[in-house]
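Here the structure comes first, spelled out in structure tokens, and everything after it is commentary.
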């Protein structure tokens, strides 16, 4: 790899270092975050050193200028052999070349993309707590969102599941820190174009070029590029936009419901049927998903079958005592004019006694 030019003596990246077309689009995407960038609380950047996170690092550095919030580039090494360590070192050099403080954390090797993602977010939350960070910026873009949409359509999902990658959300395990994805409306090509002409070479992950028969890999490298080439990208993007509107409506329902529940969310937690009946089916499901990590240690995300049984527990003819349970982690029980959520006494087989 060509050694990245070290700009640290010049005080880091400035907009003049970049071609005028690409970076202006990136900076515009950061406009909604100006109050956050001008605050004093530290900001974290998930930094693999790849093209996407490099583009975000450049844009954040330019937007922050000399007097903005402190920015820390956080690289998670999954320990997948010597190449993983070399990628971490390349990422460190890139961060240094932009005068961005760099932090390397190692996460135990995980099987598959899902396990690696969970490990990364645990590290993100840990560092966010240590630093008192107000935000974690991630470089997901529109192509990532479209990939997730196709994956969920193939795997099967409910209507709310079509609203794939949220632009912002709480960072689980780090109170007061939110995840932000400012590039979610920009294409991968837009981010690549922003790097043209810069003397900075992104880290290339060799796993992206290796043969992989997983559904996600085939979507990323075969199905999605073909659909975009054939002109289907705008239709997929329109579906994402419609799903985003649904998610916004559901978010409003959930916020209202949380305010109506007992202060402090005591256990067992009574949830009035009147409150649930006034919500959409998707709002009820999302409320349960949100409550579990707050109330039940080592919670398991409810499966689709449990979410369907939630609707049955609300049926007018459902008697008191009917309940559903997820692998001994939590129990949701019908009691007259309410549902009661509580931790289960211990791991057991999955049970669900719907009406």
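Residue numbers (my numbering): -4 to 350. Here a beta-carbon is modelled for each residue, glycine too, at the ideal position from N, C-alpha and C.
Of 150, 80, 167, the smallest CA-CA separation from residue 117 is found for 167. Rounded to the nearest whole angstrom, the C-alpha separation of residue 161 and residue 178 is 11 Å. Annotation: residue 196 is outside any alpha helix (DSSP H) and is labelled neither H nor E by DSSP. Residue 249 sits buried, since 16 or more C-beta atoms from the chains shown fall within 10 Å of its C-beta. Here DSSP, grouped into helix, strand and coil, assigns residue 73 to coil. Taking 9 Å as the cut-off, the Cβ atoms of residue 244 and residue 192 do not count as close. Within the model, the alpha-carbon separation for residue 301 versus residue 88 is close to 48 Å. DSSP, read as helix, strand or coil, puts residue 33 in coil.
Residue nearest to residue 98 within the set 119, 312, 327, 70 is 70 (criterion: CA-CA distance).
Within the segment 115 to 146, complete alpha helix (DSSP H) segments of at least 4 residues are not found at all. Under the criterion of beta carbons closer than 8 Å, residue 173 and residue 134 do not qualify as touching, at roughly 16 Å. DSSP lists 334 as the beta-bridge partner residues of residue 266. As DSSP reads the structure, residue 97 sits in a beta bridge with 68. Under a 10 Å Cβ-count criterion, residue 215 is classified as buried, with 16 or more other Cβ atoms of the shown protein chains found around its own Cβ. For the pair of segments examined, the segment 34 to 44 was found to touch the segment 64 to 80: the number of CB pairs separated by less than 8 Å reaches three.
Distance from residue 198 to residue 263 at the Cβ level is roughly 49 Å; contact not present, criterion being Cβ atoms closer than 8 Å.
Residues of the same chain with a CB within less than 8 Å of the CB of residue 289, apart from the 5 flanking positions on each side, are 260 in chain order. Per the C-alpha coordinates, the member of 94, 240, 83, 125 positioned closest to residue 59 is 94. For residue 122, same chain residues with a beta-carbon under 7 Å away, outside a window of 5 residues either side, are 39, 69, 98, 100 in chain order. Excluding its 5 nearest sequence neighbours in each direction, residue 239 has C-beta neighbours in its own chain below 7 Å: 158, listed in chain order.
Distance from residue 187 to residue 46 at the Cβ level is roughly 6 Å; contact confirmed, criterion being Cβ atoms closer than 8 Å. Straight across, the Cα-Cα distance linking residue 268 with residue 119 is about 37 Å. When DSSP reads this structure, residue 321 sits in a beta bridge with 325.
The shortest CA-to-CA distance from residue 32 to any of 61, 328, 137 is the one to 61. At a Cβ-Cβ threshold of 9 Å, residue 230 and residue 182 do not count as neighbours. Cβ neighbours of residue 257 within its own chain (closer than 8 Å, five residues either side excluded): 264, 265.
The three-state secondary structure of residue 60, taken from DSSP, is coil. Looking at the DSSP output, residue 20 shares a beta bridge with no other residue. Per DSSP, the unbroken beta strand (DSSP E) holding residue 41 starts and ends at 38 to 41.
Residue state for residue 225 is assigned as coil, using DSSP reduced to three classes. For residue 216, no beta strand (DSSP E) segment is defined, and its DSSP state is neither H nor E. Straight-line measurement puts the Cα of residue 44 at about 17 Å from the Cα of residue 102.
With a threshold of 16 other beta carbon atoms within 10 Å, residue 272 falls short and is exposed.
Comparing C-alpha distances from residue 312 to each of 25, 21, 171, 332 shows the shortest one belongs to 332.
Of all alpha-carbon atoms in 200, 21, 321, 339, the one lying nearest the alpha-carbon of residue 85 is that of 200.
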